[in-house]
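Here our numbering is used: the first residue of the sequence shown is 140, the next is one more, and so on.
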Amino acid sequence: DVKVLQNDVIYRLIEDYEEWVEEEKERIRREKLKGLMRAGKVSIKPGCVFRSSKPAIVGVDVLGGIIRPDFPLMKKDGENIGTVREIQSKQETISEAESGDEVALSIAGPTVGRQIKEGGVLYVDIPSEQMAKLEEVSEMLSEDEKGVMEEITSIKKKKDSAYGVM
140 DVKVLQNDVI
150 YRLIEDYEEW
160 VEEEKERIRR
170 EKLKGLMRAG
180 KVSIKPGCVF
190 RSSKPAIVGV
200 DVLGGIIRPD
210 FPLMKKDGEN
220 IGTVREIQSK
230 QETISEAESG
240 DEVALSIAGP
250 TVGRQIKEGG
260 VLYVDIPSEQ
270 MAKLEEVSEM
280 LSEDEKGVME
290 EITSIKKKKD
300 SAYGVM
């Protein structure tokens, strides 16, 4: 697409051009974010285990960031425990959950009571190269998502000191 700018006054034309440049930069940043795995943190609500395995279905509070289907999850020690299969809110399947949401997650992999427990905290298990890309666009993220990114980075750096570096 070619944007055509027209105006009778030259300084308005310059203002229109500068506005268009900013809009394009914002669109490009959003496109970069769209394909990235995002930082997220959830707490499994006590008494909200609906199925213990195959897949585990649990009620969670989203403590920070964003959770989407197909995001891998890990425990506080960095151990990968499975993948989010589906997210539901009020019996409706949704595409993502944000900080402050109370949702049900179906998680492929773990068994409640063994790998995960009620009241436990889980994080999105972001691969190193994805974290480096997320750092590049961090100015577009909320403060709570940045905080969760820092927590994930500190967990991962315990096992891999080069985590998040490209």
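The C-beta atom is built at its ideal place from N, Cα and C for all residues, glycine as well.
Beta-carbon proximity check, residue i vs residue j, cutoff 8 Å
i	j	result
Asp283	Met213	no
Ile206	Val223	yes
Pro185	Gly258	yes
Leu175	Trp159	no
Lys215	Val260	yes
Glu289	Tyr262	no
Residues bridged to residue i (per DSSP)
i	result
Thr292	According to DSSP, Thr292 bridges with nothing at all.
Ile206	Ala236
Gln145	According to DSSP, Gln145 bridges with nothing at all.
Pro211	Thr222
Tyr262	Lys180 and Met213
Gly198	Ala243
Ser228	Glu231
Proximal residues to residue i (C-beta, below 7 Å), its chain only, five neighbours per side dropped
i	result
Asn146	Leu152 and Asp155
Lys306	Given a span of 140 to 305 for the chain in the structure shown, any question on residue 306 remains unanswerable.
Glu194	Note that residue 194 is Pro in the sequence shown, not Glu. Taken in chain order, the residues that qualify are Arg224, Ser245, Ile246 and Ala247.
Distance between residue j and residue i (C-alpha atoms, nearest Å)
i	j	result
Val304	Ile226	31 Å
Lys142	Ile149	17 Å
Ile220	Ile294	15 Å
Glu125	Glu165	A question about residue 125 goes unanswered here, because the residues of the chain that appear run from 140 up to 305.
Ser245	Val181	13 Å
Val188	Ala301	36 Å
Gln254	Glu162	45 Å
Pro266	Lys256	24 Å
Gln269	Lys171	11 Å
Glu237	Ile167	22 Å
Glu354	Ala271	Within the shown structure, residues of the chain are numbered from 140 to 305, placing residue 354 beyond reach of any answer.
Gly286	Gly204	9 Å
Pro208	Glu157	38 Å
Asp140	Glu278	27 Å
Ser281	Pro211	21 Å
Reference residue i, options the options, closest by Cα
i	options	result
Lys298	Val141, Glu161 and Gly217	Gly217
Val251	Lys272, Ala236 and Val199	Val199
Lys173	Leu202, Leu273 and Thr292	Leu273
Glu235	Met270, Ala178, Glu289 and Ser267	Ala178
Arg169	Glu290, Glu275 and Lys295	Glu275
Leu202	Arg190, Phe189 and Ile183	Ile183
Ser191	Ala243, Ala271 and Met279	Ala243
Residues near residue i in its chain [Cβ-Cβ closer than 6 Å; skip 5 each side]
i	result
Thr292	Gly303
Ile233	Ile226
Pro249	Ala195, Ile220, Gly221 and Ile255
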